[in-house]
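Right, one structure below, let's go through it.
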Amino acid sequence: MKHLSGLDATFLHLETPEMPMHVGSLNVLDLPKGYKGDFYEDAKKFMASRIHLADVFTRKLALMPFDMTNPVWVEDDDIDLDYHVRHITLPKPGTNRQLQQYVARLHSSLIDRSRPMWEFYIIDGLKSGQVALYTKVHHAGIDGQAGVEVGKAIFDLEPAGRVVKPPRSRPRGNSYQLGMAELATAALRNTAQQYVKLFKMAPAIARAISGLASPDEKAAEKDTAAAPKKFNLFAPRTSLNVSITNQRTFAGRTISLAETKYIARHFGVSLNDVVLATVSGALRHYLADNNELPAKPLVAGVPVSLREAGDDTANNQASMILVSLASDITDPVQRLKAINASSNSSKSTMNRFKAVILDDFPTFAAPWLVSGIASMVGRSGIVNLLPPAANVAVSNVAGAPFPMYFAGALVTCYYPVSIASHGTALNVTVQSYNGRMDYGLIACRRAVPDITEIGDYMLAEHRLLMELTQKHPAAAGAAPAPVPPKTVAEPSDDEAEAGPVAAARKKPAARKKAPVKVAAKKAPVKAAAKVAAKAPVKAPAQKGARTAATTAAKKAAPKAPARKAAPAKRSSGSASRAAAA
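Using our numbering, you'd call the opening residue of the sequence shown number 999 and step up by one each time.
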């Protein structure tokens, strides 16, 4: 048996029917050319040969007597792949939006705790002829980086896959669960060890807390000039900060990783700062549409990894910082710089505590106590009255920079599907994959019924930041950034291109210095529109991508502005279709 850490178990205790605590991903797969088989059956056989490579696939929970402390992981020697790997066929016409809505519905249901806590869905019926893979795993078993490691177990670098050594045969146990006496003894022993660990770390924790009274002078000097004038203790209340139901809505959007890096280097900020600025600009427009943009800046809750380099343990090793989204600043560049300053300040504070942050702590009586509080908070509506700590959760996970294959099929996209929670009805998680930045937006359907608009506003904000790199000089001391390669991506086949995106260009026209107004007048809109793609879309062929990259590399950076300006009223969908043609 293996004890869950205090942090791992917290995801179990906080789970309610309204707030499932599992994470997942949506991948769209290109089947091998000429494939005529049954991909669902092939996927089951494939998983049967791989599940022993990651503990999360073969372990289940064993609950403690009377729930007096956290449960433990035990090996399950009777795994039913027909249950864990499932098959779904979308009704006609099989559009991308139908796929996203079905994934949202699947993500709203709880995982069975009596089995290994994972489920895979093979979804066919897409009118593109592709097949989708939706996965979900309970957050008690993995965090973002551990999920990447699990991906290495099931994904290959070549269509033919790699040879995997079968697991060693083990004698099958006779008991479905461990005995009460054995579990109770293990619980008492683990609780005692947790208290000893806490006692040993007490001096270091005390030093870290006292260090708050003496600010880090070097960090202060670095961030004072650009730091926000004031960071409020609580975030402003918006329609995103309410009690949620178990209904979910999901949307995915794709942005070029090369362009995101280009923006970051040009303005001298981090990649994560650009992601936060993209989300900030989108939420500004979304809230302004309903006249509810608060005067105070929005705040993002941003997970930070505590995992040491090379640690691939399947558990949670993360904490969270609060970063101002500077949504009260109209100018996108100044907003980006303010986000960078706030992020640096929060990271500096986190670094001073990182060594003493506990991911394992005493949890005697926690299962029934924390679960009871979580249920009461969600159903009492108290979240609707208390000021929120953060308005939105934003996470950025580094993924594979190369193409991968699942059961011989090419993975074209990697959209993360995360957790919406009481008080934070919207979660935006980003994962990089093979030159892409795949944004997964998950939210409570009642709180955010029009999540696709937020996704479209994010694309418009990215195009705006790209245009502003042509107007603003590179940051002092920033390394020269090459002109990023232009990525051609097909538009979504079922959502109107001119709807929310056009609104992003037209609605702000009545407000002075509206950032999106600039985006509709400059030539780079045409180039950037090629990048923005709605999820999930079919990735371009590898050969075509290499040809496009080679052609772009031969052109010198100064020549880009010489291209003819795109018509101001041309929608991003038209530009994308022309590019794809």
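Just so you know, even glycine gets a beta-carbon here, dropped at the ideal spot from N, CA and C. Values in this document were obtained by computation on a predicted structure and should not be read as measured data.
So, at 6 Å on beta carbons, what are the nonlocal neighbours of residue i in its own chain, with the 5 sequence-adjacent residues on each side left out?
| i | result |
| --- | --- |
| Ala1441 | Thr1247, Ala1418, Ala1423, Leu1424, Ile1449 |
| Gly1123 | Thr1087, Leu1088, Gly1092 |
| Ala1473 | Phe1265, Gly1266 |
| Lys1134 | His1020, Gly1022, Glu1117 |
| Pro1385 | Phe1232 |
| Asn1394 | Asn1270, Val1273, Val1428 |
| Lys1042 | Leu1079, Val1083 |
| Glu1013 | Met1019 |
| Ala1102 | Arg1246, Thr1247, Phe1248 |
| Met1318 | Gly1299, Pro1301 |
Excluding the 5 residues preceding and the 5 following residue i in the sequence, name in chain order all residues of the same chain whose CB lies nearer than 7 Å to its CB.
| i | result |
| --- | --- |
| Val1375 | Val1381, His1420 |
| Arg1057 | Trp1071, Val1072, Glu1073, Asp1074, Pro1114 |
| Tyr1412 | Ser1023, Asn1025, Gly1397, Gln1429, Tyr1431, Asp1436 |
| Arg1160 | Asp1154 |
| Leu1285 | Thr1236, Leu1291 |
| Phe1044 | Ala1405 |
| Val1240 | Val1381, Asn1382, Ala1423, Ala1445 |
I need the straight-line Cα distance from residue i to residue j, nearest angstrom please.
| i | j | result |
| --- | --- | --- |
| Val1405 | Arg1350 | Here the sequence assigns Ala to residue 1405, which means Val is not the residue at that position. Distance between the alpha carbons of Ala1405 and Arg1350: 44 Å. |
| His1337 | Arg1095 | Reading off the sequence shown, one finds Ile at residue 1337, where the question assumed His. Cα-Cα distance, rounded: 32 Å. |
| Asn1244 | Leu1269 | 33 Å |
| Lys1335 | Ser1325 | 12 Å |
| Val1302 | His1082 | 30 Å |
| Lys1163 | Leu1304 | 32 Å |
| Pro1201 | Ser1369 | 31 Å |
| Asp1271 | Val1415 | 21 Å |
| Val1392 | Gly1035 | 40 Å |
| Gly1453 | Met1348 | 30 Å |
| Ile1253 | Lys1125 | 23 Å |
| Asn1283 | Arg1444 | Inspection of the sequence shows that residue 1283 is occupied by His rather than by Asn. If you take the alpha carbons of His1283 and Arg1444, they lie about 19 Å apart. |
| Ser1343 | Asn1389 | 19 Å |
| Met1402 | Glu1147 | 13 Å |
| Val1300 | Leu1281 | 16 Å |
| Asp1080 | Ile1049 | 14 Å |
| Pro1365 | Phe1064 | 9 Å |
| Gly1139 | Pro1030 | 32 Å |
| Tyr1132 | Ala1387 | 31 Å |
| Tyr1033 | Ala1052 | 29 Å |
| Gly1379 | Gly1004 | 27 Å |
| Lys1090 | Leu1097 | 11 Å |
| Ile1109 | His1137 | 11 Å |
| Glu1039 | His1105 | 23 Å |
| Ser1322 | Met1456 | 18 Å |
| Tyr1100 | Ile1077 | 26 Å |
Given a threshold of 16 other Cβ atoms within 10 Å of its Cβ, counted over all protein chains shown, does residue i qualify as buried or as exposed?
| i | result |
| --- | --- |
| His1470 | exposed |
| Tyr1119 | buried |
| Gln1128 | buried |
| Ala1293 | exposed |
| Glu1290 | exposed |
| Lys1524 | Low confidence applies here, because Lys1524 scores a pLDDT of 40, under 50, leaving its location unreliable; read the following figure in that light. That one is buried. |
| Ile1371 | exposed |
| Ser1340 | buried |
| Arg1187 | exposed |
| Phe1400 | exposed |
| Asn1288 | exposed |
| Pro1165 | exposed |
| Phe1037 | buried |
| Thr1276 | buried |
| Glu1459 | buried |
| Pro1447 | exposed |
Where DSSP assigns a beta bridge to residue i, which residues make up the other side?
| i | result |
| --- | --- |
| Met1017 | Thr1014 |
| Gly1299 | Leu1320, Ala1391 |
| Tyr1437 | Arg1251, Val1428 |
| Ser1378 | Paired residues: none, contrary to the question. |
| Arg1084 | Tyr1119 |
| His1136 | His1020 |
| Asp1154 | Tyr1403 |
| Arg1028 | Going by the sequence as given, residue 1028 is Asp instead of Arg. Asp1028 is bridged to Leu1408. |
| Ser1419 | Thr1422 |
| Ala1286 | Paired residues: none, contrary to the question. |
| Tyr1413 | Leu1024 |
| Glu1073 | Arg1057 |
| Ala1130 | Val1026, Ile1121 |
| Arg1246 | Cys1442 |
| Lys1000 | Trp1071 |
Near residue i, which residues of its chain fall below 8 Å by C-beta distance, leaving aside the five closest residues on each side in sequence?
| i | result |
| --- | --- |
| Thr1549 | Low per-residue confidence applies at Thr1549: pLDDT is 46, beneath 50, and the placement is therefore not dependable enough to give any value. |
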